[in-house]
Ligand SMILES: [Fe+2]
């Protein structure tokens, strides 16, 4: 199925958002490294890889439907947060922004009756439910367990559950 310019642009923008998320999480990893909280740093190190995989997945889809991939500019990201809670709140907000963008592209795919794009994007609707839930769980753990006390332990429990 041929890709319209509008859908191609939206998918390319999504590649940029996924790479932007990877870069944002790299900044968060750095914040936690400098704070001396290696478990949180590792969490973001791993999550950066996942975001790069998402970007590649969108790249592959564009290629599969004979589209053209564009790598748009990335903005600088912060390595400074006032607390672990603030960093995870920012991460959750970031995921919500990504979810909204995927919903917008899905609406274009539906409108244009591009069923292949629709199927592909729906897998990302599900993925975003998991992503938001993951960050929300960590945030809840931080809120309930104290930022430097039991939370890293709770975090390992959550991550064990994730595997
Ligand atoms: Fe993602």
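Residue numbers (the numbering used here): 4 to 166. Note that the Cβ used here is the ideal one computed from N, Cα and C, for glycine as well.
Take residue i and list the residues in its own chain whose beta-carbon comes closer than 8 Å to its own, dropping the five residues that flank it on each side.
i, result
"residue 30", "80, 81, 82"
"residue 37", "82"
From residue i to residue j, what does the alpha carbon distance come to, in whole angstroms?
i, j, result
"residue 13", "residue 126", "17 Å"
"residue 43", "residue 116", "42 Å"
"residue 11", "residue 147", "43 Å"
"residue 166", "residue 84", "For residue 166, the predicted structure reports a pLDDT of 46, less than 50, and the residue's modelled location is therefore unreliable. The matter cannot be settled from this model."
"residue 123", "residue 64", "8 Å"
"residue 7", "residue 40", "46 Å"
"residue 168", "residue 139", "It is not possible to answer for residue 168, since the shown part of the chain is limited to 4 through 166."
"residue 141", "residue 109", "28 Å"
"residue 130", "residue 114", "22 Å"
"residue 5", "residue 88", "44 Å"
"residue 133", "residue 95", "11 Å"
"residue 55", "residue 19", "10 Å"
"residue 61", "residue 70", "11 Å"
"residue 75", "residue 17", "10 Å"
"residue 92", "residue 32", "14 Å"
"residue 107", "residue 49", "27 Å"
"residue 77", "residue 143", "30 Å"
Comparing the CB of residue i with every heavy atom of ligand 1, is any distance shorter than 6 Å?
i, result
"residue 45", "no"
"residue 56", "no"
"residue 21", "yes"
Excluding sequence positions up to five away, which residues of its chain have a Cβ less than 6 Å from the Cβ of residue i?
i, result
"residue 57", "21"
"residue 15", "73"
Excluding the 5 residues flanking residue i on each side, which residues of the same chain have their C-beta closer than 7 Å to its C-beta?
i, result
"residue 97", "24, 27"
"residue 99", "135"
"residue 34", "82, 83, 84, 90"
Return the Cβ separation of residue i and residue j in integer angstroms, given the expectation that the two are a contact with Cβ distance under 8 Å.
i, j, result
"residue 66", "residue 73", "So it is not a contact: roughly 12 Å between Cβ atoms."
"residue 105", "residue 128", "6 Å"
"residue 68", "residue 103", "Actually they are not in contact, since the Cβ atoms of residue 68 and residue 103 sit about 23 Å apart, beyond 8 Å."
"residue 9", "residue 111", "6 Å"
> Which parts of the region 34 to 74 are runs of the beta strand (DSSP E), unbroken and 3 residues or longer, counting only runs that do not cross its ends?
Replying inline: none
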